[in-house]
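Take a look at the structure below.
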Amino acid sequence: MTLKNKFRILHIFDDSVIALKAIFLFEEIDEFQHEYIVISDDATKYSDNLPKTVKLSVLKNNSKLWKELKNEIVKYDIVFLQALSFAKAKALLWTNTKNKTLIWALWGYDLYNFIGYIGKSKKYATTIVKKSLKQKILDFYTYNIIYKSVARKIDICEFLLETDFNLLKKHAKTNAIWMSNCYQFLEDYTNLYENYLITNNYIMVGNSSTPSNNHELVFQKIKTISDRKIICPLSYGDTQYGKKIIALGNSIFHSNFFPITEFMKMDEYLALLKKCSHFIMGHERQQAFGTIVLAAYLGSKVFLQKNNPLYEWFISNGVIVYDINQNNFEQEIIVKQTKEQTNKNRSALFNVLSKQNVVSKQREIILKAIELNNQNATT
């Protein structure tokens, strides 16, 4: 009996463009039997963009979702939680998972919302809206009861950064092991943008309308710049926070401040990126990984907070990024990335994020899950 026939693997996704990418990735590892659930109100988004051979179900996000997920999880040997959302966590809480291998594939919010609440840290905040008493009670139940209980059930944490895994272990008891991977292929960029050149000197600040972007800190760093356009993506996140940042940006940069408040088509977004010679990401947590990779590959100069764990990840993999708080920031924000630096970044990124490497790492994770599943079956 082949591995493909023996082990049933379920992937449960949030509704996201990453979901489509990831499904294509797992279909590359075709010696195993993969099935997928996507939580979405738009089934055609996936059915119209995937081969008919892909075994996909789409569930709506409603109050009964966790029960539907529970009924599906019991059928499988290995379950990938592609982002550990509330509904997925609640389903796991009420499921006997003794003979199953559970893999938490981190998307960001799922860990940081939990850590921010348990650790009472504002640096992971996603909103400035004050919570009602009802919401505070729900948060207590979600993070102190559900997430802490589910953390004990997880077998593998598929987190890009070990720093994030250590954060989880600091705030929750878990016997999980850490394995690193992501769903970014450099081939997505190399075929289209190999001869891509930055054509202007715009500065892009942040990636979303959330406090974790630390827009105010970044604005203070560049407030003396008066002759360059400041691009500020605010199309998703906390609307109230976004209004606050728009008001602040207008007061500092006046007509040079350009907030993005509507979702852009990919070709429009790339046309805008082509004009941004500098990217400044003020996060102190892993966020905007795909955007940062794209910016570094295309030839923009990228600035991060040194205490952002992504800073060390890029540096250790040979990618040139800059510290927002370095002494010569004022000079570096003026000078563009050289062609030689861009080529170095492209080579370094390809070494870790080539399709071959990403698929190989994902196969290793699945094989480890099978090994753990066999161990569980004999204990």
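Residue numbers for the sequence shown follow this note's numbering, so the first one is 2 and each next one is one higher. By construction, the Cβ of each residue, glycine as well, lies at the ideal position given by its N, Cα and C atoms.
Applying the 10 Å Cβ sphere with the 16-neighbour rule, what's the burial state of R347? Your numbering for residue 347 matches position 346 in the sequence shown. So R347 counts as buried.
Excluding sequence positions up to five away, which residues of its chain have a Cβ less than 6 angstroms from the Cβ of F351? Taking the first residue of the sequence shown as 1, we reach residue 351 at position 350. Only L187 meet the Cβ criterion.
When you compare each of W67, I116, H255 to W95 by their alpha carbons, which one comes out closest? Translated into positions along the sequence shown, residue 95 becomes position 94. Here the closest residue by C-alpha is W67.
When burial is assigned at 16 or more other CB atoms within 10 Å of the CB, is M180 buried or exposed? For the purposes of this step, residue 180 is identified with residue 179 of the sequence shown, where counting begins at 1. The residue is buried, with at least 16 neighbouring Cβ atoms inside 10 Å.
Under 8 angstroms between the Cβ atoms of K276 and T200? Your numbering for residue 276 matches position 275 in the sequence shown. Your numbering for residue 200 matches position 199 in the sequence shown. Yes, they are a contact pair.
Measure the C-alpha to C-alpha separation of L4 and V75 and round it to an integer number of angstroms. Reading the sequence shown from its first residue, position 3 is the one you call residue 4. Reading the sequence shown from its first residue, position 74 is the one you call residue 75. In this prediction, L4 has a pLDDT of 48, which is less than 50 and means its spatial position is unreliable; nothing more can be read from the coordinates.
Name the one or two DSSP bridge partners that T45 has. Along the sequence shown, one-based indexing puts residue 45 at 44. Beta-bridge pairing links T45 to no other residue.
Counted within 10 angstroms of its Cβ, other Cβ atoms place L411 as buried (16 or more) or exposed: It is not possible to answer for residue 411, since the shown part of the chain is limited to 2 through 380.
Tell me the residue span of the alpha helix (DSSP H) that contains L51. Here residue 51 corresponds to residue number 50 of the sequence shown, with the count starting at 1. Careful: L51 lies outside any alpha helix (DSSP H) and carries neither H nor E.
Which residue wins for smallest C-alpha separation from K302, given the options V322, H284, I116, L311? Translated into the one-based positions of the sequence shown, residue 302 becomes position 301. That would be V322, whose Cα lies nearest to the Cα of K302.
Just checking, does the stretch 198 to 215 make contact with the stretch 285 to 295 on the three C-beta pairs under 8 angstroms criterion? yes
Taking S361 as part of the alpha helix (DSSP H), name the residues at either end of that continuous run. Indexing the sequence shown from 1 puts residue 361 at position 360. Here the alpha helix (DSSP H) through S361 covers 356 to 378.
Apart from the five residues just before and just after E29, which ones in its own chain have a Cβ nearer than 7 angstroms to its Cβ? Start at 1 with the first residue of the sequence shown, and residue 29 comes out as number 28. Cβ neighbours of E29 beyond the five flanking positions: V360.
Give a yes or no on whether the C-beta atoms belonging to N374 and I79 are separated by under 8 angstroms. Position 373 of the sequence shown, counted from the start, is the residue given in the question as residue 374. Position 78 of the sequence shown, counted from the start, is the residue given in the question as residue 79. Yes, they are a contact pair.
V320 versus I10, Q338, E365, A297, residue with shortest Cα-Cα distance: Along the sequence shown, read from residue 1 onward, the residue named residue 320 stands at position 319. It is A297 whose Cα lies nearest to the Cα of V320.
Span of the beta strand (DSSP E) holding Q83? Taking the sequence shown and counting its residues from 1, one reaches residue 83 at position 82. It spans 79 to 83 - the beta strand (DSSP E) in which Q83 sits, taken as one unbroken run.
Reducing DSSP to helix, strand and coil, say where K302 ends up. Position 301 of the sequence shown, counted from the start, is the residue given in the question as residue 302. Strand at K302.
Do F33 and A23 have their CB atoms nearer than 8 angstroms? Locating residue 33 in the sequence shown gives position 32, counting from the first residue. Locating residue 23 in the sequence shown gives position 22, counting from the first residue. Going by C-beta atoms, F33 is not nearer than 8 angstroms to A23.
With distances taken between CB atoms, is the gap from L70 to A84 smaller than 8 angstroms? One-based indexing of the sequence shown puts residue 70 at position 69. One-based indexing of the sequence shown puts residue 84 at position 83. No, the pair does not count as a contact, with Cβ atoms beyond the cut-off.
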